[in-house]
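*Asks:* The structure under discussion is supplied below as structure tokens; questions concerning it will follow.
Numbering (the working numbering), first residue to last: 24 to 249.
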């Protein structure tokens with residue numbers, strides 16, 4: 024595009040990611056659900072550290088504030104996903120995460136044998152490890168929320184002691200912290216995956232290498248074309 028003398032310089036057209044060989048992986052709604060859930064989970068873990076690790080608790084102080092933030096961030100933790108169910112794309116991704124295919128078992132066998140070649144680890148939009156992570160963290164959040172409510176409202180289930188709820192809550196909190204650290208570690212090792220979560224788009228080459236079955240999946244995630 025040219026400009027005449029005295030006219031303002033033309034502005035560049037916005038870059039189209041798909042024209043650059045990139046494909047959409049996540050919608051804005053999905054990315055917002057992921058970020059909000061991650062923020063609430065970090066708040067839960069950070070305030071738990073401030074409450075249960077003595078030196079940190081003494082350094083931070085303000086115990087009542089930490090308790091309030093911890094309780095409400097835990098209660099609100101499932102909310103982003105519940106609101107996200109209004110998104111058709113997020114519902115399709117949940118169907119993908121809930122479906123364990125034959126090639127997912129092959130992916131797990133390869134992971135156990137530390138095989139890293141793409142042909143050894145076939146995957147759809149989500150690989151078997153991501154599916155296991157999603158299922159585990161969903162169950163953990165439900166149990167953590169339930170035990171947290173039992174600690175908060177001691178008469179909610181009189182036949183369950185507060186001591187039992189605290190024990191399960193604390194043990195699961197440590198497990199969540201360890202597994203979440205592994206999740207973050209995997210994300211740090213894959214810049215393109217992080218870019219997909221940040222911008223919504225990934226390179227087609229990356230998708231073909233790490234998620235080749237995704238490119239032949241139905242848009243609604245109900246089946247994979249063989």
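Glycine is no exception: its CB is placed at the ideal position from the N, C-alpha and C atoms.
Near residue 174, what residues of its chain come up, given a Cβ to Cβ distance below 8 Å and the 5 sequence neighbours on each side ignored?
*Replies:* Only 185, 188, 189, 192 meet the Cβ criterion.
*Asks:* Quick one, which of 93, 157, 80, 120 has its alpha-carbon nearest residue 67's?
*Replies:* Closest option to residue 67, Cα to Cα, is 93.
*Asks:* Note down, in chain order, each residue of its chain lying with its Cβ closer than 7 Å to the Cβ of residue 34, except the 5 sequence neighbours on either side.
*Replies:* With a pLDDT of only 49 at residue 34, under the threshold of 50, the placement of this residue in the model should not be trusted, and no figure is reported.
*Asks:* For residue 249, which residues in the same chain have their Cβ closer than 6 Å to its Cβ, ignoring the five residues on either side in sequence?
*Replies:* Model confidence at residue 249 stands at a pLDDT of 42, short of 50, so the residue's coordinates are unreliable; what they give is reported in the following sentence. So no residue of the chain qualifies.
*Asks:* Provide the residue span of the beta strand (DSSP E) that contains residue 45, from first to last.
*Replies:* Its beta strand (DSSP E) spans residues 45–47.
*Asks:* Measuring alpha carbon to alpha carbon, tell me which residue in 210, 227, 180, 101 is nearest residue 163.
*Replies:* Considering only alpha carbons, the answer is 101.
*Asks:* May I ask you to report which of helix, strand or coil DSSP gives residue 107?
*Replies:* Helix.
*Asks:* Residues in its own chain within less than 7 Å of residue 230 by CB, not counting five upstream and five downstream?
*Replies:* Hits under 7 Å: 46, 237, 238.
*Asks:* What are the boundary residues of the beta strand (DSSP E) that includes residue 219?
*Replies:* From DSSP, residue 219 is part of no beta strand (DSSP E) but of the alpha helix (DSSP H) over 214–222.
*Asks:* Can you list, in chain order, the residues of its chain with a C-beta nearer than 8 Å to that of residue 36? Leave out the 5 residues immediately preceding and following it.
*Replies:* The pLDDT assigned to residue 36 is 47, lower than 50, so where the model puts this residue is not dependable, and the model offers no usable value.
*Asks:* Can you tell me which residues form a DSSP beta bridge with residue 226?
*Replies:* Looking at the DSSP assignment, residue 226 forms a beta bridge with 45.
*Asks:* Taking 8 Å as the cut-off, is the beta-carbon of residue 137 closer than that to any non-hydrogen atom of the ligand MN?
*Replies:* Only the bare structure without any ligand can be found here, which leaves the ligand MN out of the picture.
*Asks:* Might you give, ordered along the chain, the residues of its own chain that have their beta carbon closer than 8 Å to the beta carbon of residue 232, omitting 5 neighbours on each side?
*Replies:* Same-chain partners within the cutoff: 141.
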